[in-house]
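In my numbering, the protein residues as written are 1478 to 1909.
Note that CB positions come from ideal geometry on N, CA and C, so glycine has one too.
None of these values were measured; they are calculated from a predicted model.
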Ligand code: GLV
Ligand code: MN
Ligand code: MN
């Protein structure tokens, strides 16, 4: 086999046709998914938050599975779990596989976890066949993708991509603990986060398998698909300040109701985002103060999440909404403060990786379906350090971020087979 030395400078590895036994891989993946789903702060629901005791348990469980699959395993400087399966020569560059181990609140079992356990299952199959490739494989279970705890996403992959900035250490969770406090309580040193960063020279590509979280594959009757790009996203926190008053005595014409103003903003967001295909907007959190049945709301805080496959489209919608919200501020005579809390550009998958994923799908006798991702993924951060590719696996009804999230064992097996095929026939390339 040809030795691989650095991305972009390579001759393709010879294709190896020796059988790798994948029998039962879907069952193996499902057993691990169930075991992970039990690691929750509020079982039988699934909620596993960054740097929590359940995160530690998940990392420990992962390291056990990684070692059993022939990998070395460690926790990196931000709490990601990383397993390494050596190549056929020391110091070989790395094909990085991964996804995230954190969840939203009352989550599904597959979002994130499927990609990590499928990658481990593929390495375990290679290890059983005593097969080494001309590159090393590393599997990463990112500690934070969802951003539930500190309100900003992809802390795990941003640290690996080298785009983590120290100001993030001061972000607080709902109890007032900072990210720095959380890292220390987890046994990590906030000053060493830079050690988690990887170099582009060392990584051949980042490849992630994930459930689709949408309905396209199911509609097309396809178990897997090849992702073309990941939609860009902007998130805002909005504070509206009105005037509290007695619900029975203040005439309607004399009110500055913060909640009524928020309601107008929310409808404006829905209307604007429904006006163009691809654009989506969501208000997912809202708090009202003082929150009494007989008091006119004085203050409302809500969040806005706006996404689009095209960055210009997203930015146009944001500009329009800012001016609509200014109009609402003036007409309702309330204070409105809007803060951008998160922004990630739309992220393209590398055509050379899409080709290899497409070939792996057709090698399974399946049609190649290309589709964009509306959901965010760690690849949005990893693009800073590697070309990215994604395999989507069909999920029932397109439902995700819900305990109703589900996939079949057969589809998990097809996803892992495609991933295995990409790994075995992986030919490093680069985006010109
Ligand atoms: C993460 O799952 C997101 O897209 O919000
Ligand atoms: Mn998610
Ligand atoms: Mn996810």
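Residue interval of the beta strand (DSSP E) (run including residue i)
i            : result
residue 1685 : 1680-1688
residue 1760 : Run containing residue 1760: none; DSSP gives neither H nor E here.
residue 1868 : 1865-1870
residue 1613 : 1613-1619
residue 1575 : 1571-1577
residue 1549 : 1549-1552
residue 1588 : Per DSSP, residue 1588 belongs to no beta strand (DSSP E) and is neither H nor E.
residue 1561 : 1558-1562
residue 1847 : 1847-1850
Which of helix, strand or coil DSSP assigns to residue i
i            : result
residue 1532 : helix
residue 1718 : strand
residue 1710 : strand
residue 1787 : coil
residue 1491 : Annotation note: pLDDT 39 at residue 1491 (below 50); position unreliable, coordinate value reported separately. Note: residue 1491 maps to coil in three-state DSSP.
residue 1527 : coil
residue 1826 : coil
residue 1648 : coil
residue 1793 : helix
residue 1766 : strand
residue 1676 : coil
residue 1813 : strand
residue 1610 : coil
residue 1820 : strand
residue 1782 : strand
residue 1727 : coil
residue 1904 : coil
residue 1600 : helix
residue 1756 : coil
residue 1478 : Note that residue 1478 has pLDDT 36, beneath the 50 cutoff, so the model's placement of it is unreliable and the number below is only indicative. Of the three classes helix, strand and coil, the one that applies to residue 1478 here is coil, per DSSP.
residue 1839 : helix
residue 1456 : Only positions 1478 to 1909 of the chain appear in the structure, and residue 1456 is not among them; the question remains open.
residue 1653 : coil
residue 1496 : coil
residue 1705 : strand
residue 1625 : coil
residue 1594 : helix
Beta-carbon contacts of residue i that lie in its chain and below 8 Å, excluding the five residues immediately before and after
i            : result
residue 1545 : 1601
residue 1663 : 1528, 1532, 1533 and 1556
N- and C-terminal bounds of the alpha helix (DSSP H) containing residue i
i            : result
residue 1983 : Here the chain has residues from 1478 to 1909 only, and residue 1983 is not among them.
residue 1632 : 1632-1638
residue 1511 : 1502-1514
residue 1658 : 1656-1662
residue 1856 : 1856-1859
residue 1693 : 1693-1697
residue 1748 : 1735-1750
Neighbourhood of residue i by C-beta distance below 6 Å, restricted to the same chain and skipping five residues each side
i            : result
residue 1690 : 1852 and 1877
residue 1675 : 1637 and 1862
residue 1497 : 1602 and 1606
residue 1445 : Past the boundaries of the shown model lies residue 1445; the chain is included only from 1478 to 1909, so the question cannot be answered.
residue 1467 : Residue 1467 is absent from the structure shown; the chain starts at 1478 and stops at 1909.
residue 1721 : 1772, 1773 and 1775
7 Å CB neighbourhood of residue i in its chain, flanking five on each side removed
i            : result
residue 1727 : 1773
residue 1494 : For residue 1494, the pLDDT reaches just 47, beneath the cut-off of 50, and the residue's location in the model is therefore unreliable, although a value from the coordinates is still provided. Excluding residues within five positions, none has a Cβ falling inside 7 Å.
residue 1564 : 1609, 1610, 1611, 1612 and 1613
residue 1628 : 1648 and 1818
residue 1483 : No answer about residue 1483 holds up, because its pLDDT of 44 lies below 50 and its placement is not dependable.
is_contact[residue i, chain B] using C-beta, thresh 8 Å
i            : result
residue 1893 : As a matter of chain content, chain B is missing from the structure shown, which is built from one protein chain.
Touch test, the stretch 1741-1750 against the stretch 1798-1811, Cβ-Cβ under 8 Å, three pairs minimum:
Judged by Cβ distances under 8 Å, the stretch 1741-1750 makes contact with the stretch 1798-1811, as three or more pairs qualify.
Is the number of C-beta pairs between the stretch 1781-1799 and the stretch 1690-1704 that are closer than 8 Å three or more?
Contact between the stretch 1781-1799 and the stretch 1690-1704 is absent: fewer than three C-beta pairs spanning the two stretches fall below 8 Å.
Measuring CB atoms only, is the stretch 1617-1637 touching the stretch 1562-1579, in the sense that at least three cross pairs come out at less than 8 Å?
Yes, the stretch 1617-1637 is in contact with the stretch 1562-1579.
Listed by chain order, which residues have C-beta atoms less than 5 Å from any heavy atom of ligand 3?
Near ligand 3, meaning a Cβ closer than 5 Å to any of its heavy atoms, lie the following residues in chain order: 1588 and 1589.
Under 6 Å, CB to any heavy atom of ligand 1. Which residues pass, going along the chain?
Every residue passing the under-6 Å Cβ criterion appears here: 1623, 1852 and 1853.
Validate contact between the stretch 1530-1549 and the stretch 1825-1833 using beta carbons, cut 8 Å, 3 pairs:
Between the stretch 1530-1549 and the stretch 1825-1833 there are fewer than three inter-stretch CB-CB distances shorter than 8 Å, so the stretches are not counted as touching.
Taking contact to mean 3 or more Cβ pairs, one atom from each stretch, closer than 8 Å, check whether the stretch 1730-1742 and the stretch 1839-1856 are in contact.
As far as the Cβ criterion goes, the stretch 1730-1742 does not touch the stretch 1839-1856, which means the pair count is below three.
Say whether the stretch 1584-1595 touches the stretch 1513-1530, bearing in mind that this needs 3 or more beta-carbon pairs closer than 8 Å, one atom from each stretch.
Yes: the two stretches touch, three or more of their Cβ pairs being nearer than 8 Å.
Closer than 8 Å is the cut-off here; do at least three beta carbon pairs connect the stretch 1890-1901 with the stretch 1858-1872?
Yes, they touch.
Between the stretch 1714-1722 and the stretch 1770-1787, can you find at least three pairs of beta-carbon atoms closer than 8 Å?
Output reads yes: the stretch 1714-1722 touches the stretch 1770-1787.
Check whether the stretch 1751-1769 and the stretch 1784-1791 touch, using three or more Cβ-Cβ pairs below 8 Å as the test.
With a cut-off of 8 Å, the stretch 1784-1791 and the stretch 1751-1769 count as touching, because enough Cβ pairs lie within range.
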